[in-house]
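Protein chains: 2
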Amino acid sequence: MKSFRVSVHIVPRKGLLDPQGKAVADALHTLGFGAVGDVHVGRHLVIETAAADAAAAETSVREMCARLLANPVTEDYEIAGVIAV
Amino acid sequence: MKSFRVSVHIVPRKGLLDPQGKAVADALHTLGFGAVGDVHVGRHLVIETAAADAAAAETSVREMCARLLANPVTEDYEIAGVIAV
């Protein structure tokens, strides 16, 4: 078993309302960043886990996302990276 | 002016308590993911902005992080990627 650090992005599903992103975009406009268009706010998780290899670590984290970390109705997740530590 | 999509990670500063990460790690252990070690939870922002080039887009987003998006006392930010759209 080796140790891996897996990064995950959990973002609101495309087409769903993202009120937090809208609030950030409005605040940036107010601050003078007029060039800003859409903003999307999601979560960035870094999970350290032991696994036989990188593929097993990724599979395990996908299962964590499906069972706990992401809301399947409103959110999508993607594995951003798997590095051995 | 071209359009760029800039990804930013905002994470709790190293060494600071990350109660949300601790809660996620505990929940994963309860669900049977015993191999999980530390978990860190941060924010993942995707900002669409117009700029002359990729370097200008990155500079502009760094200023947004410093002025609004990240808490300089408790959080670090990093530009994860800049892509033209």
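Listed in order, the protein sequences are those of chains U and Z. Using the working numbering, read the first sequence as starting at 13 and increasing by one per residue. Using the working numbering, read the second sequence as starting at 13 and increasing by one per residue. Yeah, the Cβ is synthetic: ideal placement off N, Cα and C, and Gly gets one too.
Worksheet item: How about ARG55/U: is its C-beta nearer than 8 Å to some C-beta of chain A?
Response: The structure shown has no chain A; the protein chains it does contain are U and Z.
Worksheet item: Are GLU87/U and ARG25/U closer than 8 Å when you measure CB to CB?
Response: It is a contact, given that the beta carbons lie within the stated cut-off.
Worksheet item: I think VAL94/U touches GLU70/U, with their Cβ atoms under 8 Å apart; what is that distance to the nearest whole Å?
Response: Right, their Cβ atoms sit about 5 Å apart.
Discussion item. Can you look up ARG17/U in the DSSP assignment and give me helix, strand or coil?
Written reply: Strand, per DSSP.
Fill in: Cβ shell of CYS77/U (< 8 Å), same chain only, five flanking positions each side left out
Correct list, in chain order: VAL20, ILE22, TYR89.
Worksheet entry | Minimum Cβ-Cβ distance from THR86/Z to chain U less than 8 Å | It does not; no Cβ of chain U falls within 8 Å.
Item to complete: State yes or no: is the C-beta of LYS26/U nearer than 7 Å to some heavy atom of the ligand MN?
Response: Although the ligand MN was asked about, the structure shown includes no ligands whatsoever.
Fill in: Beta-bridge partners of ALA96/Z, as assigned by DSSP
DSSP lists PHE16/Z as the bridge partner or partners of ALA96/Z.
Worksheet item: How long is the line joining the alpha carbons of VAL36/U and VAL51/U, rounded to whole angstroms?
Response: Rounded to the nearest whole angstrom, the CA to CA distance from VAL36/U to VAL51/U is 7 Å.
Item to complete: Going by DSSP, name the residue or residues bridged to THR42/Z.
Response: Residue pairing of THR42/Z in beta bridges, as defined by DSSP: absent, with no partner found.
Discussion item. Need the endpoints of the alpha helix (DSSP H) that VAL85/Z sits in, please.
Written reply: From DSSP, VAL85/Z is part of no alpha helix (DSSP H); its letter is neither H nor E.
Discussion item. So, at 7 Å on beta carbons, what are the nonlocal neighbours of ARG17/Z in its own chain, with the 5 sequence-adjacent residues on each side left out?
Written reply: A distance below 7 Å between beta-carbons, with the five flanking residues on each side excluded, links ARG17/Z to the following residues of its chain, in chain order: VAL58, GLU60, ILE95, VAL97.
Item to complete: Classify LEU57/Z as helix, strand or coil using the three-state DSSP reduction.
Response: In this structure, LEU57/Z counts as strand in the three-state DSSP scheme.
Worksheet entry | First through last residue of the alpha helix (DSSP H) which encompasses ALA66/Z | Segment 66-76, the alpha helix (DSSP H) holding ALA66/Z.
Discussion item. Which residues does DSSP list as the beta-bridge partners of ALA62/Z?
Written reply: According to the DSSP secondary-structure assignment, ALA62/Z is paired through a beta bridge with SER15/Z.
Worksheet item: Going by Cα to Cα distance, which pick from ILE91/Z, ALA39/Z, VAL85/Z is closest to ALA66/Z?
Response: Comparing Cα-Cα distances from ALA66/Z to each of ILE91/Z, ALA39/Z, VAL85/Z, the minimum goes to ILE91/Z.
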